[in-house]
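**Student:**
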Amino acid sequence: MKTTYKILVGILAAALVLQGCVKDYIKPIPAEDENKQEVVDDDITKALKAIEGVSGVEKLMVPDKDGNQVANYFFYYLQPIDHTNPQVGSYNQHVAMQLSELKAPVVVNTQGYMMEMKGEAAADNDLRTALGANWVEIEHRYFENSMPEPVDSVRMNYLYTVQAACDIHRVVEMLQKNLFKNNVWVATGVSKGGVTTGLQAYYSDMYGWKDFDLFVPFCAPFLAGTPDSPTDTAIGKYLVYSCGTGYPADSEENKAYIRLQKILQQVVAKPRLRNEVLRRFHMREPDNYQRVLDVYGPKEPEVLCAALNSFQEALLGDYAELRFSSWAPLIPDPDLVKAGPEDGTTDDAQAIDAVCDFFFSSSTELAKKLEAAAEEPGTKARHTEEEMIAQRATMADMAYFVQSVRELGCVGIDYSWIRKGSFITPQLALEVADKASGRARSMDFYEGQWDGGKLMSAFRKWVYTETTQKMVFVYGSDDPWTGGAIDYAAAEANPNVVFVLNPGGIHADDFLNDKQFTKEATAEITRAVSDFLK
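Numbered per this note's numbering, the sequence shown spans residues 991 to 1524.
#1: Would you kindly work out how many angstroms separate the C-alpha atoms of serine 1194 and asparagine 1484, rounded to a whole number?
#2: Residues in the same chain with beta-carbon distance under 8 Å from aspartate 1033, minus the five sequence neighbours each way, listed in chain order, please.
#3: Which residue marks the beginning of the beta strand (DSSP E) containing lysine 1084, and which one marks its end?
#4: Taking the alpha-carbon positions, what's the glutamine 1459 to glycine 1079 distance?
#5: In this structure, does DSSP put glutamate 1127 in helix, strand or coil?
#6: Examine the Cβ distances between the segment 1242 to 1259 and the segment 1402 to 1412 and report whether three or more of them are shorter than 8 Å.
#7: According to DSSP, is tyrosine 1150 part of a helix, a strand, or is it coil?
#8: Whole angstroms are fine: how far does the CA of arginine 1249 sit from the CA of valine 1176?
#9: For the alpha helix (DSSP H) that leucine 1448 lies in, which residues bound it at each end?
#10: Can you grab the Cα-Cα spacing for the pair serine 1273 / alanine 1426, in whole Å?
#11: With H, G and I counted as helix, E and B as strand and the rest as coil, what does DSSP make of glutamine 1059?
#12: Inspect the beta-carbon positions of glycine 1122 and phenylalanine 1064 and report whether they are closer than 8 Å.
#13: Does the segment 1055 to 1070 come within contact of the segment 1092 to 1103, defined as at least 3 CB pairs closer than 8 Å?
#14: Quick one: Cα of leucine 1320 to Cα of phenylalanine 1350, how far?
#15: Answer yes or no: do leucine 1294 and phenylalanine 1413 have a C-beta to C-beta separation smaller than 8 Å?
#16: Is the beta carbon of methionine 1461 less than 8 Å from the beta carbon of alanine 1191?
#17: Taking the beta strand (DSSP E) that lysine 1049 belongs to, which residues open and close that run?
#18: For the alpha helix (DSSP H) that contains tryptophan 1317, what are its first and last residues?
#19: I need the DSSP call for serine 1520, collapsed to helix, strand or coil.
#20: Who are the Cβ neighbours of glycine 1179 in its own chain at under 8 Å, not counting the five residues just before and after it?
#21: From Asp1240, Ala1511, Leu1165, pick the residue whose C-alpha is nearest to that of aspartate 1201; which is it?
#22: Can you tell me whether alanine 1419 is buried or exposed, with buried defined as 16 or more other CB within 10 angstroms of its CB?
#23: For the segment 1177 to 1222, which segments carrying the beta strand (DSSP E) assignment without a break, of at least 3 residues, lie completely within its bounds, in sequence order?
#24: Assuming contact is defined by CB atoms lying nearer than 8 Å, are leucine 1149 and glutamine 1439 in contact in what I supplied?
#25: Shortest alpha-carbon distance to glutamate 1129 belongs to which of Asn1172, His1159, Leu1117?
#26: Excluding five sequence neighbours on each side, which residues of the same chain lie with their C-beta closer than 8 Å to the C-beta of valine 1327?
#27: Kindly indicate which residue of Glu1482, Ile1515, Ser1090 has the alpha-carbon position closest to the one of alanine 1061.
#28: Who are the Cβ neighbours of glycine 1043 in its own chain at under 6 Å, not counting the five residues just before and after it?
#29: With distances taken from CA atoms, which of Pro1276, Asn1173, Asp1424, Tyr1286 is nearest proline 1220?
#30: Based on DSSP bridge pairs, tell me the residues matched to leucine 1068.
#31: Leucine 1305 lies in the beta strand (DSSP E); which residues open and close that run?
#32: Return helix, strand or coil for asparagine 1265, following the three-state DSSP convention.
#33: Looking at the structure shown, is serine 1427 part of a helix, part of a strand, or coil, going by DSSP?
#34: Assign methionine 1051 to buried or exposed, taking buried as 16 or more other Cβ atoms, counted over all protein chains shown, within 10 Å of its Cβ.
#35: Mapping the DSSP letters down to three states, classify glycine 1466 as helix, strand or coil.
#36: In the DSSP assignment, the beta strand (DSSP E) including valine 1282 goes from what residue to what residue?
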């Protein structure tokens, strides 16, 4: 995750200096692979090709997890670049489908990024499985193959949530009219895709759309920031104070949680440990180190703030992608590091090494350690940190950052745990994060475009008091992104809302997996979905 932001900031800065204007832009459909095996059109393919605005229809036979061949359908749908002014032009949005039975429910993955279906394997989603449903995936505008502006002159002029919601509405409306008639429709998504799901419900109420019978966002953070800044510390606070809690007092998880809190505090408080962290930060993350020097010069407090920020950024991935019970035993005990600067015993040096090795580990390295320890299959999230970086280090990642600094809010790390009179202050740590080392660096590129938290604040108020849409919000107790959750209070205030918290849960939506979800959480989700769809 540390490497990700370094890459993305460079991509964003380079792209924003490109000039150009948008007129009528229809992204060319990718050329067909001459070596690809020909698949004969069926009734679905023919029906899609007959729909106005649909192009590039393709049917691919792909294996499911049991080795059976399943038909996947891919096509592009012509969308207005600007739904409020169609004269601006059009673009092609990528859509994928996997059918169960035409009269079965339809589950739509609203996405928040690029298409997950690649024509290589069948869609594997637990909500689709539970409902025996058809599956539709709609790629978000400005990601991968769904670009409303030419890549060589992209300005993100039409990247707003209301535009994306109108995209989804038009695709669903088209499919309801031409293919799926009188079906039950469910929208779902995970993480930013879950945010997209929630906002689809919000705009459905606003515009009177009757597309969906139910909305089920998983792990969706709704960050209101402040009127002056998109940076929101709710996830940072949840990371420090809530992730890893709720376990029995004598459990390994509870002991590990305490050790983790002490690592944060003692890296600041113990001089020999602090000095070694500073030295290794220079060695392990030279680019991040240099960025701080470029802003502040060789000032140890500021460099330490950057190192702590990097560590907590990594923890976001560790907690979100791996079960805490699986990596808790790897957290060293910082109490073994002596407090005094003069102590240089072998035991003390080993303790410092252990803390620093952990401090500068990544989710990928943790995953490798767990794999080497023959961790039980099914206990880790499906995406490793390495895969996430590969997915996101693209032109489309600009879209994520632009949406964050315009409407969706940015993750801010929390430093309220720093004690008064320490080597650094919470104020300095937040400043360094904003200026030199944190996610908020991306704010600079679109400074002045933040909506003041109006959308997220309005959405949260709407969920708690006004929504007429049926919604099931699902979160994991050990997922840092739960800091931006819609919580129990919404369910208590509004009968159209159900909140499910999966104890020990991470950033995942595979609720039928008993390694990821408790039986109780799975039953709650299943019951809520069933009740709302009666």
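From the three backbone atoms N, C-alpha and C, an ideal C-beta is built for every residue, glycine too.
**Tutor:** This is what the structure gives:
#1: Residue 1194 sits at position 204 when you count from the first residue of the sequence shown. Residue 1484 sits at position 494 when you count from the first residue of the sequence shown. So the alpha carbons of these two residues sit roughly 17 Å apart.
#2: Residue numbering aside, residue 1033 sits at position 43 when the sequence shown is read from its first letter. Contacts found: none.
#3: As a position in the sequence shown, residue 1084 is number 94, starting the count at 1. In the sequence under discussion, the amino acid at residue 1084 is histidine, which differs from the lysine named in the question. First-last of the beta strand (DSSP E) with histidine 1084: 1080 to 1088.
#4: Position 469 of the sequence shown, counting from 1, holds the residue named residue 1459. Position 89 of the sequence shown, counting from 1, holds the residue named residue 1079. For glutamine 1459 and glycine 1079, the distance between alpha carbons rounds to 32 Å.
#5: The residue you call residue 1127 lines up with position 137 of the sequence shown. In this structure, glutamate 1127 counts as strand in the three-state DSSP scheme.
#6: yes
#7: Position 160 of the sequence shown, counted from the first residue, corresponds to residue 1150. Coil at tyrosine 1150, not helix or strand.
#8: Position 186 of the sequence shown, counted from the start, is the residue given in the question as residue 1176. Position 259 of the sequence shown, counted from the start, is the residue given in the question as residue 1249. Distance between the alpha carbons of valine 1176 and arginine 1249: 42 Å.
#9: Mapped onto the sequence shown, residue 1448 falls at position 458. Reading off the sequence shown, one finds alanine at residue 1448, where the question assumed leucine. Where alanine 1448 is concerned, the enclosing alpha helix (DSSP H) stretches over 1444 to 1455.
#10: In the sequence shown, residue 1273 corresponds to position 283, counting from 1. In the sequence shown, residue 1426 corresponds to position 436, counting from 1. Just to set this straight, residue 1273 is methionine in the shown sequence, not serine. Computed Cα separation, rounded: 18 Å.
#11: As a first step, residue 1059 must be located in the sequence shown, where it is residue number 69. Reduced to three states, the DSSP call for glutamine 1059 is strand.
#12: Walking along the sequence shown from the start, residue 1122 turns up at place 132. Walking along the sequence shown from the start, residue 1064 turns up at place 74. In this structure, phenylalanine 1064 does not lie closer than 8 Å to glycine 1122 by Cβ.
#13: no
#14: By 1-based counting over the sequence shown, the position of residue 1320 is 330. By 1-based counting over the sequence shown, the position of residue 1350 is 360. Cα atoms of leucine 1320 and phenylalanine 1350: separation of roughly 13 Å, rounded to the nearest angstrom.
#15: Position 304 of the sequence shown holds residue 1294. Position 423 of the sequence shown holds residue 1413. Closer than 8 Å, so yes.
#16: As a position in the sequence shown, residue 1461 is number 471, starting the count at 1. As a position in the sequence shown, residue 1191 is number 201, starting the count at 1. It is a contact, given that the beta carbons lie within the stated cut-off.
#17: Residue 1049 sits at position 59 when you count from the first residue of the sequence shown. It spans 1044 to 1053 - the beta strand (DSSP E) in which lysine 1049 sits, taken as one unbroken run.
#18: For the purposes of this step, residue 1317 is identified with residue 327 of the sequence shown, where counting begins at 1. Taken as a continuous stretch (DSSP letters only), the alpha helix (DSSP H) holding tryptophan 1317 covers 1314 to 1317.
#19: On the sequence shown, position 530 is the one that residue 1520 refers to. Looking at serine 1520 - three-state DSSP - the assignment turns out to be helix.
#20: By one-based count along the sequence shown, residue 1179 stands at place 189. Hits under 8 Å: Asn1099, Thr1100, Gln1101, Gly1102, Val1185, Thr1186, Thr1187, Pro1207, Phe1208, Ala1210.
#21: Sequence index remark: in the sequence shown, residue 1201 carries index 211 (1-based). Answer by Cα proximity: Leu1165.
#22: Locating residue 1419 in the sequence shown gives position 429, counting from the first residue. Flag for alanine 1419 reads buried.
#23: Runs of beta strand (DSSP E) with 3 or more residues, each lying fully within the segment 1177 to 1222, are found at 1204 to 1208, listed in chain order.
#24: Mapped onto the sequence shown, residue 1149 falls at position 159. Mapped onto the sequence shown, residue 1439 falls at position 449. Not in contact: leucine 1149 and glutamine 1439 (Cβ atoms no closer than 8 Å).
#25: One-based indexing of the sequence shown puts residue 1129 at position 139. When each option's Cα is compared against that of glutamate 1129, the closest is His1159.
#26: Reading the sequence shown from its first residue, position 337 is the one you call residue 1327. Hits under 8 Å: Gln1256, Lys1260, Arg1262, Leu1263, Asp1338, Ala1341, Ile1342, Val1345.
#27: By one-based count along the sequence shown, residue 1061 stands at place 71. Of the listed residues, the one whose Cα sits closest to alanine 1061 is Ser1090.
#28: Reading the sequence shown from its first residue, position 53 is the one you call residue 1043. Tyr1067, Leu1068.
#29: The residue labelled residue 1220 in the question sits at position 230 within the sequence shown. Of the candidates Pro1276, Asn1173, Asp1424, Tyr1286, the one whose C-alpha sits nearest the C-alpha of proline 1220 is Asp1424.
#30: Sequence index remark: in the sequence shown, residue 1068 carries index 78 (1-based). DSSP lists Asn1082 as partners of leucine 1068.
#31: Along the sequence shown, read from residue 1 onward, the residue named residue 1305 stands at position 315. Taken as a continuous stretch (DSSP letters only), leucine 1305 belongs to no beta strand (DSSP E), being part of the alpha helix (DSSP H) at 1290 to 1311.
#32: Translated into the one-based positions of the sequence shown, residue 1265 becomes position 275. Correct three-state label for asparagine 1265: helix.
#33: Taking the sequence shown and counting its residues from 1, one reaches residue 1427 at position 437. Of the three classes helix, strand and coil, the one that applies to serine 1427 here is helix, per DSSP.
#34: For the purposes of this step, residue 1051 is identified with residue 61 of the sequence shown, where counting begins at 1. Per the 10 Å Cβ criterion, exposed.
#35: Taking the sequence shown and counting its residues from 1, the one referred to as residue 1466 is at position 476. Here glycine 1466 sits in strand by DSSP.
#36: In the sequence shown, residue 1282 corresponds to position 292, counting from 1. Valine 1282 -> not in any beta strand (DSSP E); alpha helix (DSSP H) instead, spanning 1276 to 1286.
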